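> One structure, as structure tokens, below. Some questions next.
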Amino acid sequence: MFMKHLYSKYKKEYIEHRERFNYDLLKRYNLTIDELLEKQELTNEQMEYIDKYNKYNPLLETDCTMNNICRHIEENIKEIKIHVKRKNDDEVFQMLFNDNIEITNEEIDLMHKQYKKYQKNQTDENLNNINSYSFITKDTQKLANLAVYICYKIYLNGNKNFVWDIFGNGVILNLDEKHNSKIQIPIEDISGDIEYRGSFYDNKEIMVEL
Amino acid sequence: MIIFDEEKYAKDIIKNGFKNRHIFKDVCIVLKYFRSCKKNDEYIKKEIYDLCSKYKKDYNYVKDYKKIDFLISESIKWNKHKTTFINITKNEFQLIKSENNIKIQKLLFVILVLAKYYYNPKHNEYYVNISENDIFNLCNMSVTKQNKRDFMYYITQRGYITPNLNKSIKINFIDNLSENICEIKVGNDMIFYYEKLSGKNVINCKRCNDLILRIANRRTKYCKECARIVNIEKTKENILKNKPFDL
Chain C
24 MFMKHLYSKY KKEYIEHRER FNYDLLKRYN LTIDELLEKQ ELTNEQMEYI
74 DKYNKYNPLL ETDCTMNNIC RHIEENIKEI KIHVKRKNDD EVFQMLFNDN
124 IEITNEEIDL MHKQYKKYQK NQTDENLNNI NSYSFITKDT QKLANLAVYI
174 CYKIYLNGNK NFVWDIFGNG VILNLDEKHN SKIQIPIEDI SGDIEYRGSF
224 YDNKEIMVEL
Chain P
104 MIIFDEEKYA KDIIKNGFKN RHIFKDVCIV LKYFRSCKKN DEYIKKEIYD
154 LCSKYKKDYN YVKDYKKIDF LISESIKWNK HKTTFINITK NEFQLIKSEN
204 NIKIQKLLFV ILVLAKYYYN PKHNEYYVNI SENDIFNLCN MSVTKQNKRD
254 FMYYITQRGY ITPNLNKSIK INFIDNLSEN ICEIKVGNDM IFYYEKLSGK
304 NVINCKRCND LILRIANRRT KYCKECARIV NIEKTKENIL KNKPFDL
């Protein structure tokens with residue numbers, strides 16, 4: 024069963040196999056395959072069904088050591104994925120937005136209208152060209168700030184292509200200004216706090232030249 | 104989403120661009136339309152490449168040409184599914200009506216229509232190979248996920264359908280021998296034929312001619328989609344009418 028994580032072809036076959044059996048089982052017994060496998064008292068028909076499921080399964084779902092480890096990790100990863108999804112977008116907004124550049128409500132409205140046009144037609148050449156936004160302001164950093172406000176404050180769950188495809192350069196300039204051209208990255212250090220794959224790292228500040 | 108009128112859908116794609124997230128599904132429909140118009144390979148190739156370069160996001164000839172050429176060469180073998188009319192017989196309708204639950208009745212009706220629409224004489228039996236979500240969308244009723252599961256289980260236990268591992272269901276209550284009581288033009292509004300047979304007030308939309316249910320004490324004229332479009336047009340007209348002119 025752990026093979027599905029190594030070979031995507033097996034994973035595809037395994038998912039298809041489960042979907043087919045679930046499709047049939049839900050109609051015949053009103054149970055999913057997992058519910059049937061966990062059931063204590065089975066009829067003869069249901070036992071034959073499970074035999075069929077195991078016979079045509081492209082992977083082995085036995086209780087071997089590797090399969091048990093795989094199941095244990097899958098359960099834990101589910102928890103991690105749930106926590107990652109709950110991450111606050113406000114954190115990202117605070118990172119990208121340049122507080123030194125002020126934006127007015129009128130400018131936000133104008134950028135908002137352009138954003139809506141972009142969402143309807145993302146292949147439009149005009150809308151993908153930063154020069155066509157010069158009627159709002161000619162300052163690229165201010166335009167980037169406005170786009171970040173729209174995509175990371177108003178439309179939290181929306182597509183972020185609008186910011187990065189058109190105003191990416193302005194966002195980088197804002198970041199550079201905000202952090203005085205300094206960034207922190209993990210560098211290998213024996214006395215570091217961060218342990219990863221047997222090595223130790225420490226967050227160190229470096230200067231970035233744009 | 105099931106597309107019943109492929110010709111209309113193809114013309115809409117050619118005019119307004121791709122609608123499906125998986126654009127090659129739309130390309131297949133356009134190819135079927137061109138083949139039915141008996142266009143030659145050169146014309147079809149040129150039109151498809153123009154369409155992709157115009158409407159496909161991140162279109163790249165080098166990445167996409169193999170797949171497009173393959174689809175064009177395969178499209179010769181495809182059959183275009185024409186919009187057809189199917190008949191509902193008296194026994195079938197009475198069997199559906201014998202169920203107490205109106206939602207089960209609607210579900211059985213939709214499954215019956217789809218089975219006859221997709222009937223292939225080679226198999227000699229009636230199968231439906233459509234996703235459950237599409238079937239329930241055609242029923243035009245609100246159901247929870249648990250309801251869907253329970254309804255499909257119920258109609259299997261009653262013997263109306265037999266599921267199989269090919270993700271399709273075999274329909275067991277077809278009866279073509281009794282007299283026909285209704286002819287249905289298969290489309291997204293098929294459930295309104297059932298409402299009509301059940302005695303409800305069903306009218307045609309004044310704009311697109313699809314069937315709609317007329318609710319008592321309301322002046323319903325248009326289907327939901329057309330009502331939205333007509334409302335926008337009327338609002339624009341009113342704005343222009345009432346706009347004060349500059350002196």
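For the protein sequence lines, the chains are C and P, in the order given. Residue 233, in the numbering used here, is where the first sequence stops; the numbers in between run on with no holes. Residue 350, in the numbering used here, is where the second sequence stops; the numbers in between run on with no holes. Idealized CB from N, CA, C, for every residue including glycine. Quantities reported herein were computed from a predicted structural model and do not represent experimental measurements.
(1) Check whether the region 250 to 263 of chain P touches the region 282 to 302 of chain P, taking contact to mean three or more Cβ pairs, one atom from each stretch, closer than 8 Å.
(2) Does any C-beta atom of chain P lie closer than 9 Å to the C-beta of Leu49 of chain C?
(3) Grouping DSSP H, G and I as helix and E and B as strand, with all else coil, what is Val130 of chain P?
(4) Identify whether Ser102 of chain P lies in helix, strand or coil by the three-state DSSP scheme.
(5) Between the Cα of Leu241 of chain P and the Cα atoms of P:Lys209, P:Ile272 and P:Gln260, which residue gives the shortest distance?
(6) How is His28 of chain C classed by DSSP in three states: helix, strand or coil?
(7) Less than 9 Å between CB atoms is the rule here; does Thr247 of chain P satisfy it with respect to chain C?
(8) Is there a Cβ from chain C that is less than 9 Å from the Cβ of Met255 of chain P?
(9) Kindly indicate if chain P contains any beta-carbon less than 9 Å away from that of Gln142 of chain C.
(10) Could you check the C-alpha separation between Tyr152 of chain P and Ile117 of chain P for me, to the nearest Å?
(11) Could you work out which residues of chain C lie near Thr259 of chain P, taking near to mean beta carbons separated by less than 8 Å?
(12) Between the region 163 to 182 of chain P and the region 195 to 209 of chain P, do at least 3 Cβ pairs fall closer than 8 Å?
(13) Please compile the residues from chain P whose C-beta is within a distance smaller than 8 Å of the C-beta of Tyr46 of chain C.
(14) Mapping the DSSP letters down to three states, classify Glu211 of chain C as helix, strand or coil.
(15) By a C-beta neighbour count over all protein chains shown, 10 Å radius and 16 as the cutoff for buried, is Cys174 of chain C buried or exposed?
(16) For a contact meaning CB atoms closer than 7 Å, what does Arg252 of chain P contact in chain C?
(17) DSSP three-state call for Tyr221 of chain P: helix, strand or coil?
(18) From Tyr296 of chain P to Asn304 of chain P, what distance separates their C-alpha atoms?
(19) Have a look at Asp144 of chain P and Asp108 of chain P and give me their C-alpha separation to the nearest angstrom.
(20) Taking the beta carbon of Lys180 of chain P as the centre, do at least 16 other beta carbons fall within 10 Å, making it buried, or is it exposed?
(21) Touching or not, the region 214 to 230 of chain C and the region 111 to 128 of chain P, by the rule of three or more beta carbon pairs under 8 Å?
(22) Give me the residue from P:Asn232, P:Asn203 and P:His226 with the minimum Cα distance to Leu215 of chain P.
(23) Could you have a look at Asp161 of chain P and say whether DSSP puts it in helix, strand or coil?
(24) For Ile191 of chain P, count neighbouring Cβ atoms within 10 angstroms of its own Cβ and tell me buried if that reaches 16, exposed if not.
(25) Taking the alpha carbon of Lys160 of chain P as the point to measure from, which residue in C:Asp47, C:Asn80, C:Glu130 and C:Gln142 has its own alpha carbon closest?
(26) According to the neighbour-count rule (16 or more other Cβ atoms, all chains shown, within 10 Å of its Cβ), is Val231 of chain C buried or exposed?
(27) Quick one: grab the DSSP three-state call for Phe188 of chain P.
(28) Whole alpha helix (DSSP H) runs in the region 98 to 186 of chain C with 4 or more residues, listed along the chain?
(29) Where do the ends of the alpha helix (DSSP H) carrying Glu286 of chain P lie?
(30) Bridge partners for Phe223 of chain C per DSSP, in chain order?
(31) Roughly how many angstroms lie between the CA atoms of Ile306 of chain P and Ile315 of chain P, to the nearest whole one?
(32) Are the beta-carbon atoms belonging to Lys157 of chain P and Tyr229 of chain P less than 9 Å from one another?
(33) Measure how close the beta-carbons of Arg43 of chain C and Leu268 of chain P come, nearest whole angstrom, since I'm counting them as under 8 Å.
(34) Would you say Asp212 of chain C and Asp199 of chain C are within 9 Å of each other, going by their C-beta atoms?
(35) Would you say Glu61 of chain C reaches chain P, if we count a Cβ-Cβ gap shorter than 9 Å as a contact?
(36) DSSP three-state call for Met230 of chain C: helix, strand or coil?
This is what the structure gives:
(1) no
(2) yes
(3) Of the three classes helix, strand and coil, the one that applies to Val130 of chain P here is helix, per DSSP.
(4) No information on residue 102 of chain P is available, as it lies outside the stretch 104 to 350 that chain P covers here.
(5) Taking only the C-alpha atoms, the option nearest Leu241 of chain P is P:Lys209.
(6) helix
(7) no
(8) yes
(9) no
(10) 12 Å
(11) Lys50 and Arg51
(12) no
(13) Pro266, Leu268 and Lys270
(14) Secondary structure at Glu211 of chain C: strand, using DSSP grouped into helix, strand and coil.
(15) Of the residues assessed, Cys174 of chain C falls on the buried side of the cut-off, its CB having 16 or more other CB atoms within 10 angstroms.
(16) Leu49 and Asn53
(17) In this structure, DSSP gives Tyr221 of chain P a state outside helix and strand, which the three-state scheme calls coil.
(18) Roughly 11 Å between the two C-alpha positions.
(19) 24 Å
(20) In this structure Lys180 of chain P is exposed. Its beta-carbon is surrounded by fewer than 16 other beta-carbon atoms within 10 angstroms.
(21) no
(22) Among P:Asn232, P:Asn203 and P:His226, the Cα nearest to that of Leu215 of chain P is on P:Asn232.
(23) coil
(24) buried
(25) C:Gln142
(26) exposed
(27) strand
(28) Fully enclosed alpha helix (DSSP H) runs of 4 or longer: 112 to 119, 128 to 143 and 163 to 172.
(29) Counting along the chain, Glu286 of chain P falls outside any alpha helix (DSSP H), though it belongs to the beta strand (DSSP E) covering Asn283 to Lys288.
(30) C:Glu218
(31) 6 Å
(32) no
(33) Rounded, the Cβ-Cβ distance is 5 Å, consistent with contact.
(34) no
(35) no
(36) strand
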